[in-house]
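In the working numbering, the protein residues as written are 21 to 384. The block underneath contains the structure these notes are about, expressed in structure tokens.
Next comes the structure, spelled out in structure tokens:
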């Protein structure tokens with residue numbers, strides 16, 4: 021019998037849709053078949069979420085009475101959890117006073133503490149992976165945690181300097197789109213491993229991107245992408261590296277970053293026989309990748325990678341942090357303050373479900 025992984029799932033900012041999508045995901049049959057789970061959240065918030073979802077009468081919330089000291093202890097606790105029961109751990113003060121849809125320091129601090137607890141569990145080998153519901157950057161800062169987001173917190177607490185945010189679209193979501201955008205000249209030999217986009221720079225201003233790009237940084241992110249594709253069994257591992265400027269700089273007419281930084285990085289991988297192409301104009305590159313020519317894309321900045329992924333599969337895309345000693349995934353949507361805790365605007369759990377399933381696959 022294969023070992024079923026244990027995944028810690030954080031509720032993120034409880035003022036947003038995190039608790040709702042967490043509860044919905046943990047009631048999904050595919051999730052329960054793929055893993056065992058530990059919710060990281062205030063149990064009273066989870067109870068309120070079950071009421072919102074309409075499953076309070078059929079879902080019991082149980083809370084660990086102390087932080088598990090080893091895997092055997094958590095295994096024992098999970099073995100005593102009957103079907104329809106959610107096991108949770110609350111590492112911080114109660115979050116009941118957090119107002120739905122509002123930025124607050126309490127909400128930001130709880131989200132930070134949930135994440136930190138999950139990281140500690142994963143680093144200790146007590147859980148196999150973590151999956152995180154969204155947090156709010158303003159709330160995080162209001163709590164005194166001055167990070168741009170999840171990725172940077174994970175990198176610091178895991179002690180790594182070479183890391184990257186990657187957005188992954190599973191093949192099940194992108195396959196129906198491929199034939200719609202192909203032209204007669206496109207390669208259509210998709211490997212069945214979906215499409216992944218990694219970012220060289222992340223949470224920063226557009227004005228600062230050219231100053232932050234380096235050949236070494238582009239090579240680092242391309243290497244992380246290559247390692248990921250090999251890890252999921254994608255033997256072709258064809259990677260396209262985005263240009264920064266329109267028309268890939270037009271031989272320096274629109275900018276020199278392609279010639280001075282991006283092309284030298286691509287040449288290093290080409291010499292190692294890896295299938296890395298670029299710098300390529302993004303306006304045509306994304307269509308070629310979706311058609312099936314590439315398995316991975318290296319984007320130079322946040323929106324260059326995020327826009328196509330969220331256009332093609334907003335509710336099914338998965339955020340995977342590369343370069344960590346632990347497995348971490350999350351949905352790509354935000355806290356959705358404008359629709360949180362409102363029964364007339366129910367949150368779609370598809371992104372959270374796919375994130376948990378992806379974490380389970382990466383564990384194996």
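In this text, a Cβ means the ideal position worked out from N, Cα and C, and glycines have one as well. It should be emphasised that the depicted structure is a prediction, and the values quoted were computed from it without experimental measurement.
Item: Status (buried if at least 16 other CB within 10 Å, exposed otherwise) for residue 350; Value: buried
Item: Residue 317 versus residue 106: straight-line alpha-carbon distance, rounded; Value: 38 Å
Item: The region 338-348 in contact with the region 135-150 per 3-pair CB rule at 8 Å; Value: yes
Item: Cβ-based burial, residue 355 [other Cβ within 10 Å; buried from 16]; Value: buried
Item: Beta-bridge pairing of residue 347 - partner residues as DSSP gives them; Value: 149
Item: Burial state of residue 324 (16 or more Cβ within 10 Å); Value: buried
Item: Same chain, Cβ closer than 6 Å to residue 374, five either side skipped, listed in chain order; Value: 336, 338
Item: Residue from 331, 320, 30 whose Cα sits closest to the Cα of residue 137; Value: 30
Item: Nearest-angstrom Cα separation, counted from residue 201 out to residue 245; Value: 24 Å
Item: Residue 352 (DSSP reduced to helix, strand or coil); Value: coil
Item: Counterpart residues of residue 104 in DSSP-defined beta bridges; Value: Note: residue 104 sits in no beta bridge, so no partner.
Item: Selection from 361, 376, 381, 90 that minimises the alpha carbon distance to residue 39; Value: 361
Item: The region 366-380 / the region 150-166 touching (three or more Cβ pairs under 8 Å); Value: yes
Item: Counterpart residues of residue 327 in DSSP-defined beta bridges; Value: DSSP, once it has assigned bridges, lists no residue as partnering residue 327.
Item: Where residue 332 falls: helix, strand or coil (DSSP); Value: helix
Item: Proximity winner among 381, 357, 376, relative to residue 157 (alpha-carbon distances); Value: 357
Item: N-terminal and C-terminal residue of the alpha helix (DSSP H) that residue 52 is part of; Value: 49-54
Item: Candidates 365, 340, 368, of which the one nearest residue 387 by Cα; Value: Nothing in the structure corresponds to residue 387, since the chain is present only between 21 and 384.
Item: Proximity test, residue 213 beta-carbon vs the ligand GTP heavy atom, cut-off 8 Å; Value: Looking at this structure, you won't find the ligand GTP or any other ligand, since it has none at all.
Item: Coarse secondary structure for residue 26, derived from DSSP in three states; Value: strand
Item: Residue 381 - containing alpha helix (DSSP H), residue span; Value: 370-383
Item: Residue 204 versus residue 54: straight-line alpha-carbon distance, rounded; Value: 39 Å
Item: Bounding residues of the alpha helix (DSSP H) (the contiguous stretch that carries residue 158); Value: 157-162
Item: Inter-residue Cα distance where the pair is residue 368 and residue 309; Value: 27 Å
Item: Sequence-distant residues of its chain with Cβ nearer than 8 Å to residue 281 (five each side left out); Value: 233, 234, 235, 238
Item: Beta-carbon contacts of residue 353 that lie in its chain and below 6 Å, excluding the five residues immediately before and after; Value: 371
Item: Same chain, Cβ closer than 7 Å to residue 169, neighbours up to 5 away in sequence not counted; Value: 157, 223
Item: Status (buried if at least 16 other CB within 10 Å, exposed otherwise) for residue 215; Value: buried
Item: Coarse secondary structure for residue 275, derived from DSSP in three states; Value: coil
Item: Sequence-distant residues of its chain with Cβ nearer than 7 Å to residue 333 (five each side left out); Value: 189, 193, 194
Item: Nearest-angstrom beta carbon gap, residue 376 and residue 436 [assumed within contact, 8 Å]; Value: This structure leaves residue 436 out entirely; the chain is present only between 21 and 384.
Item: Distance between residue 103 and residue 83 (C-alpha atoms, nearest Å); Value: 15 Å
Item: For residue 136, the three-state DSSP class (helix, strand or coil); Value: helix
Item: Three-state class that DSSP yields for residue 262 in the structure shown; Value: strand
Item: Endpoints, the beta strand (DSSP E) within which residue 63 is located; Value: From DSSP, residue 63 is part of no beta strand (DSSP E) but of the alpha helix (DSSP H) over 63-73.
Item: Own chain residues within Cβ distance below 7 Å of residue 174, not counting five before or after; Value: 139, 341, 344, 348
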